[in-house]
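Student:
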Amino acid sequence: MPANGKPRIAVFKLASCDGCQLQMLNLEDELLAIAEQVEICYFLEARSQILDGPYDVSLVEGSVTTEHDLDRVREIRRKSQMLITIGACANTGGIQALRNMQDVDEYTRAIYANPAYIHALSQSSPVAAHVTVDFAINGCPISREQLLEVLTSLIIGRQPKLPAHSVCVECKRNGTVCVLVTRGIACLGPVTHAGCGALCPSFGRGCFACYGPMESAHPDSLCQNLAARGVTRPEILSLLNGFTGWTEEFRSAAEKLEKVPT
1 MPANGKPRIA VFKLASCDGC QLQMLNLEDE LLAIAEQVEI CYFLEARSQI LDGPYDVSLV
61 EGSVTTEHDL DRVREIRRKS QMLITIGACA NTGGIQALRN MQDVDEYTRA IYANPAYIHA
121 LSQSSPVAAH VTVDFAINGC PISREQLLEV LTSLIIGRQP KLPAHSVCVE CKRNGTVCVL
181 VTRGIACLGP VTHAGCGALC PSFGRGCFAC YGPMESAHPD SLCQNLAARG VTRPEILSLL
241 NGFTGWTEEF RSAAEKLEKV PT
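Under my numbering, the letters of the sequence shown match residues 1 to 262, in that order.
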């Protein structure tokens, strides 16, 4: 802790779209209050001033896709007392992890005129695959409310309280009619972390699992249920191989489904 008594906070970006960092800026008035209680040492999305570590808390957005990313995240971990990953990319490999299902060298040869200049790891992976992560905030992008809960908890010294239930609970609380039961729309809500406020179902769309699999998720059972309702295998696989498709739960379910005889 520095002499001024304020926790030293840093916000870093790896391979990502910046959406989760923008959610921090979208806190607006709350962010101003938080900024008075902490010392923001590194946050290039918001300011150019850079203060070197060590840091009390580092927030990391994005997946590890290059050797440079790998070196950076190890250095961030070394300088940070607490490391928090924010968003689907940092926690699951993100949409970039779709490349893990194919040959990345084949992609670079097909897309780039000079593929020799492209230096990428064979897979896009979550931060936790390489360093110890102390806490994770899910979402694509993360929820402003959950981010505020975590930052506030850190400032006052208590354990953050984030939901562990599924999106279905949020639908029930919001009075949203189940799109799977009433309209036959494929939905991953029963196996997905809550936190988005059941946004997609509230607009008559199925959940795309932006927040990743909930604790004790059983996507195999859900896949069987979807198939029994007439959802085709390609449609189910498309859902499983989405924003958080590289998680063990969804990847395993997709692999099992691909092996089922047609």
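We put the beta carbon where it would ideally sit given N, CA and C, even for glycine.
Predicted model only: the values in this text are computed from it and were never measured.
Identify whether Glu215 lies in helix, strand or coil by the three-state DSSP scheme.
Tutor: Note: Glu215 maps to coil in three-state DSSP.
Student: DSSP three-state label for Ile142, please.
Tutor: In this structure, Ile142 counts as strand in the three-state DSSP scheme.
Student: Based on the DSSP output, what are the partners of Leu274 in its beta bridges?
Tutor: Since the first residue of the chain shown is 1 and the last is 262, residue 274 is not available in this structure.
Student: Whole-angstrom Cβ separation of Ser143 and Gly94, contact assumed at under 8 Å?
Tutor: The pair is not a contact, with the Cβ atoms about 16 Å apart (cut-off 8 Å).
Student: Drop a sphere of 10 angstroms on the beta-carbon of Phe203, count the other beta-carbons inside from all chains shown, and report buried for 16 or more, exposed for fewer.
Tutor: It is exposed - the Cβ of Phe203 has fewer than 16 other Cβ atoms within 10 Å.
Student: How long is the line joining the alpha carbons of Asp29 and Phe243, rounded to whole angstroms?
Tutor: Their Cα atoms are separated by approximately 30 Å.
Student: Find the nearest neighbour of Gly139 within the set Lys172, Ala116, Gly197, Cys41, judged by alpha-carbon distance.
Tutor: Nearest C-alpha to Gly139: Gly197.
Student: Note down the Cα distance separating Pro160 from Val57, rounded to an integer number of angstroms.
Tutor: If I take the Cα positions, the gap works out to 14 Å.
Student: Cβ atoms of Pro141 and Asn91: under 8 Å apart, would you say?
Tutor: Taking 8 Å as the Cβ cut-off, Asn91 and Pro141 do not qualify as a contacting pair.
Student: Quick check: the segment 165–175 against the segment 116–131, are there 3 or more CB pairs under 8 Å?
Tutor: Result no; under three Cβ-Cβ pairs closer than 8 Å.
Student: Taking the straight line between their C-alpha atoms, what separation do you get for Tyr107 and Lys6?
Tutor: Going from the Cα of Tyr107 to the Cα of Lys6 covers about 47 Å.
Student: Residues in the same chain with beta-carbon distance under 7 Å from Arg229, minus the five sequence neighbours each way, listed in chain order, please.
Tutor: Gly184.
Student: Whole angstroms are fine: how far does the CA of Met101 sit from the CA of Ala110?
Tutor: Roughly 16 Å separates the two Cα atoms.
Student: Report back the beta-carbon spacing between Cys41 and Ala88 to the nearest angstrom; my notes put them in contact at under 8 Å.
Tutor: Their Cβ separation, rounded to whole angstroms, is 25 Å, which puts Cys41 and Ala88 out of contact at 8 Å.
Student: Bridge partners for Phe135 per DSSP, in chain order?
Tutor: Phe135 is bridged to Ile84.
Student: CB-CB under 7 Å to Ser153, same chain, minus the five flanking residues each way: which ones, in chain order?
Tutor: Excluding residues within five positions, the ones whose Cβ falls inside 7 Å are Gln159, Pro160.
Student: Between the beta-carbon of Phe12 and the beta-carbon of Val60, is there less than 8 Å?
Tutor: Cβ atoms of Phe12 and Val60: closer than 8 Å.
Student: Considering Cα atoms alone, identify which of Thr247, Thr182, Lys259 is closest to Gln96.
Tutor: Selected option, being the one with the closest Cα: Thr247.
Student: Do Phe62 and Leu98 have their C-beta atoms within less than 8 Å of each other?
Tutor: Residue identity differs from the one stated: residue 62 is Gly in this sequence, not Phe. Taking 8 Å as the Cβ cut-off, Gly62 and Leu98 do not qualify as a contacting pair.
Student: Sort out for me which residues DSSP pairs Glu248 with in a bridge.
Tutor: In the DSSP output, where bridge partners are listed per residue, Glu248 has none listed.
Student: Using DSSP bridges, identify the partner residues of Ala10.
Tutor: DSSP, once it has assigned bridges, lists Tyr42, Ser58 as partnering Ala10.
Student: So if DSSP puts Ala15 in a beta bridge, which residue, or which two residues, is it bridged to?
Tutor: Per DSSP, Ser63.
Student: Who are the near neighbours of Ala217 in its chain, counting only those whose CB is closer than 6 Å to its CB and skipping five residues on each side?
Tutor: Closer than 6 Å at Cβ, skipping near neighbours: Val191, Glu249.
Student: With C-beta atoms as the reference, is Val179 less than 8 Å away from Pro201?
Tutor: Going by C-beta atoms, Val179 is nearer than 8 Å to Pro201.
Student: Report buried or exposed for Ala209, applying the criterion of at least 16 other Cβ atoms within 10 angstroms of its Cβ.
Tutor: Its Cβ being crowded by 16 or more others within 10 Å, Ala209 is buried.
Student: Give me the Cα-Cα distance between Asn26 and Tyr55, rounded to the nearest whole angstrom.
Tutor: If you take the alpha carbons of Asn26 and Tyr55, they lie about 23 Å apart.
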